[in-house]
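> Handing you this structure, nothing more for now.
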Amino acid sequence: MENNSPATQVYTAAIKAWPAHTERVREPLLILFALALGTVVWNMPPLAGVSDKGTHFLATMIVAVSLWVLDVFDEYVVGLMLLLSWVVLDIVPTKVALAGFSQNSWFFTIGALGIAAAIGKTTLLQRLAARLLGWIMIHRQNTYLFALLSAGVLSGPLLPTGKARAAVAVPISQAISDAAAFAPRSNGSASISLAAFIGFSQMSFLFLTGGEHCLIGWNFLPPALKTEFGWLSWFLVALPPALCVVGFMLLAIKFLLPLSAQEKEYLAAHTGLSLKDSGPLTRSEWTILATLLLTVLGWLTTSLHGINEAWVALAALLVFLLTGILDKKSFQSDIDWGLVLFFGALNSMALVAEHTKIDAWFVSLSAPSLGQLASRPLAFLLGVCLLASAIRLLLRKTPTAALLAVTVLPLSELAGIHPGVVLVVGIMAGECFFLGYQDGPYQIAYAGAGGRAFSHAQARKVLGAKYLATFFAVALSVPYWTFLGFIR
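For the sequence shown, the numbering used here begins at 1387 and goes up steadily by one.
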């Protein structure tokens, strides 16, 4: 018999209200905790070699990192807090705090996100991928795995947001699995879906415009180095490790997720099947494709025409606006303006660190230990990988890239390594993860297929192999980077 006594009703109501009550209490407590940490640092006696302004800047950074780790607010909200604290607390002049919004790299971000918004309004990427895969017979699983990894890698300049590319990969991989009659969560289904996921969302490091975390890390380079280390230089540095990762992951997926005898038998009996053609490109898609090709060509030839990558990207955005591919509503809603604000704040962070001499202090603090690694660039780079992996347990890719850039880039010259190489290596390692909560694109790939494409256990095998592939690729690339002169 159901007990409806007043005491039971009160107890039931309390139980239902408890999660909401806990959440209301949790957020203020976390904010107070972050502010308390910052207050302690603010009131500390200045460390040797650090001014009062430098100590106060460190205090604001302690609060910001704490809020990022505790995931209390979106990243751009914390970025806005930083801007206000630097100005209102008189840590730096206003022109220094806002200088990040006047750099070429900030406008490059707007152009890149505008290009992504324009492509996101069409099915161009799905069509191109389906057309490429349509040439392959369905029984050639090895070829499909390689094609998915490669097509995903090459999708970076087309759609520079990992979540959007993960969303694109879901219907493509599902179409292949359905055509091959793979059962839900079978090794065949998992291998196709995870190859698409790795290729489309875990290889962003190949291109400067491959993801927002790549752009954020690049924004921390000094202006002179940004000019020197642009789109083409980034690509040349990242290409060999990307090829290593693709080859390693192809073998790993085959070894970790072997096809069952029944799956092999079905594929052998259906050697004439392929994916259906997705139809001709629309006029808008042809316009986007032509504009993208000209944009990439403009980035590749910057040294010839002298036009900065930022203005090439903005020119592409202007084409999309003039042709109506990106209308006023889309321009306002489809571009992540919070992320644009966050980019500007992070640009300013590097300049504020320089103004308060915190960057020089950090270098002097680390110089003794780094002296031991000056003749061992591989050890230094693998240390960067381990540091990025540790930070990634707490932070998402975007703040991880920012924190790595602030702490590691100033030290790279002491180790005889170009900061661009250190940045690419950090981005590579920061893209790796092992647990589902660490990555938004993974959640999209898993939920987009209704949890039928692969299990978390299958994914962990492949994601663990991605860690090994990254370390292996960095080790193999050191001689190549030395040959190019990026490592002394």
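No residue lacks a Cβ here, since even glycine has one placed at the ideal position from N, Cα and C.
(1) Just list the residues that DSSP pairs ILE1803 with in beta bridges.
(2) Please tell me whether TRP1472 and ALA1445 are closer than 8 Å, where the distance is taken between their beta carbons.
(3) Please report the distance separating the alpha-carbon of HIS1691 from that of TRP1617.
(4) Would you kindly work out how many angstroms separate the C-alpha atoms of GLY1440 and PRO1557, rounded to a whole number?
(5) Could you have a look at ARG1551 and say whether DSSP puts it in helix, strand or coil?
(6) Under the assumption that GLY1816 contacts LYS1783 (Cβ atoms under 8 Å), give the Cβ distance between them as a whole number of angstroms.
(7) Cα separation between LEU1678 and GLN1648?
(8) How far does the alpha helix (DSSP H) with GLY1435 in it reach, from first residue to last?
(9) Is it true that the CB of THR1786 sits closer than 8 Å to the CB of PHE1748?
(10) Between PHE1729 and ILE1602, how many whole angstroms is the CB-CB distance? I'm expecting something under 8 Å.
(11) Among TRP1454, ALA1835, LEU1499, which has the Cα closest to the Cα of SER1719?
(12) Spell out a yes or no on whether the segment 1564 to 1575 and the segment 1619 to 1637 are touching, meaning 3 or more CB-CB pairs, one atom from each, closer than 8 Å.
(13) Can you tell me whether GLN1648 is helix, strand or coil according to DSSP?
(14) Buried or exposed: which applies to PHE1591, given that a residue is buried once 16 or more other Cβ atoms fall within 10 Å of its Cβ?
(15) Express the C-alpha separation of PHE1443 and VAL1875 in angstroms, rounding to a whole number.
(16) Once DSSP output is grouped into helix, strand and coil, what is the label at CYS1600?
(17) Quick check: the Cα distance between SER1863 and PRO1627, rounded to an integer number of angstroms?
(18) Distance cutoff 8 Å, beta carbons only. Does SER1590 sit that close to anything in chain C?
(19) Give me, in chain order, the residues of the same chain whose beta-carbon lies closer than 6 Å to that of SER1452; leave out the 5 immediate sequence neighbours on both sides.
(20) Under 8 Å by Cβ, that's how I've got SER1559 and ALA1839 pegged, so tell me the actual separation to the nearest angstrom.
(21) Rank ALA1569, GLU1695, LEU1531, LEU1642 by C-alpha distance to the C-alpha of GLN1844 and give the top, closest one.
(22) Going by beta-carbon coordinates alone, are ILE1639 and LEU1531 separated by less than 8 Å?
(23) Between the Cα of TRP1492 and the Cα atoms of MET1467, LEU1725, LEU1773, which residue gives the shortest distance?
(24) Assuming GLY1850 and PHE1820 are in contact, meaning their beta carbons sit under 8 Å apart, how far apart are those beta carbons, in whole angstroms?
(25) According to DSSP, is VAL1478 helix, strand or coil?
(26) Tell me whether TRP1454 is buried or exposed, calling it buried when 16 or more other Cβ atoms sit within 10 Å of its Cβ.
(27) Go ahead and pull the three-state DSSP assignment for PRO1608.
(28) Figure out for me which residue from SER1437, PHE1583, VAL1770 has the closest Cα to the Cα of ARG1846.
(29) On the premise that PHE1858 lies in contact with CYS1771, defined as a C-beta separation below 8 Å, what is that separation, rounded to the nearest angstrom?
(30) Does the distance from the C-beta atom of LEU1795 to that of VAL1860 stay below 8 Å?
(31) Checking 8 Å against the spacing of the C-beta atoms, do LEU1700 and GLY1497 come in under that value?
(32) Would the beta-carbon of SER1670 fall within 8 Å of that of ILE1721?
(33) Over what stretch of residues does the alpha helix (DSSP H) that includes ASN1694 continue unbroken?
(34) Taking only the alpha-carbon atoms, compute the straight-line gap between THR1681 and HIS1741 and give it to the nearest angstrom.
(35) For VAL1705, which residues in the same chain have their Cβ closer than 6 Å to its Cβ, ignoring the five residues on either side in sequence?
Let me lay it out:
(1) ILE1873
(2) no
(3) 14 Å
(4) 51 Å
(5) helix
(6) 5 Å
(7) 43 Å
(8) Per DSSP, GLY1435 belongs to no alpha helix (DSSP H) and is neither H nor E.
(9) no
(10) 6 Å
(11) LEU1499
(12) no
(13) helix
(14) buried
(15) Since the first residue shown for the chain is 1387 and the last is 1874, residue 1875 is missing from the structure and cannot be characterised.
(16) helix
(17) 6 Å
(18) The chain inventory of the structure shown lacks chain C, comprising one protein chain alone.
(19) ALA1420, LEU1423
(20) 7 Å
(21) LEU1642
(22) yes
(23) LEU1725
(24) 6 Å
(25) coil
(26) buried
(27) coil
(28) PHE1583
(29) Between PHE1858 and CYS1771 the Cβ distance is about 11 Å, and since that is not below 8 Å, they are no contact.
(30) no
(31) yes
(32) no
(33) Element bounds for ASN1694: n/a, residue is neither H nor E.
(34) 35 Å
(35) THR1677
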